[in-house]
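> I have a structure I would like to understand better, so I am pasting it below and will then ask my questions one at a time.
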Amino acid sequence: MEVLCRRVPGGFAPESEAEADKLKKLKQGASVRVTITQETNAKFRRKWFVLARFAFDLWSDTMPEREYRGQAVRPNMERFRKDLTILAGHFTPVWAVNGEMRVEANSLSWSRMNDETFEQFYSATINAILQKILTHSKLTDADMRAHVERVLEFDR
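Note that the sequence shown ends on residue 155 in numbering that gives the first Met the number 0; no numbers are left out.
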């Protein structure tokens, strides 16, 4: 299990509620081995997830209601995150069992992307959102400009 924590006075605290839930799975008093790796720019990476959530909210509002085999098809943030990662060019082509080539989103894990690579990925994500997500929304030109300004504020 890997849990992202931050340093607080007297110890460590989970970075989010999801990370805290992982720790709750450990039995009280259990011995665990911990490897500590200091992340170089966690704040910048959190901004990416805020940006992705922002884009997801815009995109999901434009999705029509559909059914597949009697089940409602709804926008899914995890699938969107993977698709956005692919649109930003961070993917690996693979073969599926049926012989089709497909692309899989690469991991955004700390150990697989240094800050420089992540900065390039972040920039490519903004471009993908502007070119692929915002253009399909029902925003007016003025609304789109306001949203673009909000997106650009993430860099400040």
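Heads up, the beta-carbon is just placed ideally off N, CA and C, and yes, glycines get one too. Quick caveat, the model's predicted, so the values are computed rather than measured.
(1) According to DSSP, is Thr-61 part of a helix, a strand, or is it coil?
(2) Ile-35: buried (16+ other C-beta within 10 angstroms of its C-beta) or exposed?
(3) Runs of 3 residues minimum, wholly inside the region 91-134: which ones carry the beta strand (DSSP E) assignment?
(4) Mind checking whether Leu-86 and Lys-23 have CB atoms under 8 Å apart?
(5) What residue range does the alpha helix (DSSP H) around Ala-19 cover?
(6) Measuring alpha carbon to alpha carbon, tell me which residue in Gln-70, Asp-20, Ile-128 and Phe-90 is nearest Trp-47.
(7) Determine the direct distance from the alpha carbon of Val-2 to that of Glu-99, and round the result to whole angstroms.
(8) Give me, in chain order, the residues of the same chain whose beta-carbon lies closer than 7 Å to that of Ser-157; leave out the 5 immediate sequence neighbours on both sides.
(9) Tell me, to the nearest whole angstrom, how far the beta carbon of Thr-124 is from that of Asn-105; I am working on the premise that it is less than 8 Å.
(10) Output the distance between the C-alpha atoms of Glu-16 and Arg-5, rounded to the nearest integer angstrom.
(11) Anyone know if the C-beta pair for Thr-116 and Val-102 falls short of 8 Å?
(12) What residue range is occupied by the uninterrupted beta strand (DSSP E) comprising Arg-6?
(13) Determine the contact status of Val-33 and Leu-25, defining contact as a CB-CB distance below 8 Å.
In this structure, then:
(1) coil
(2) exposed
(3) Every beta strand (DSSP E) stretch that sits fully inside the region 91-134 and reaches 3 residues is listed by chain position as 100-104.
(4) no
(5) First-last of the alpha helix (DSSP H) with Ala-19: 16-23.
(6) Ile-128
(7) 35 Å
(8) A query on residue 157 cannot be resolved here, the shown segment of the chain reaching from 0 to 155 and no further.
(9) About 13 Å; that fails the 8 Å criterion.
(10) 13 Å
(11) no
(12) 4-7
(13) Taking 8 Å as the Cβ cut-off, Val-33 and Leu-25 do not qualify as a contacting pair.
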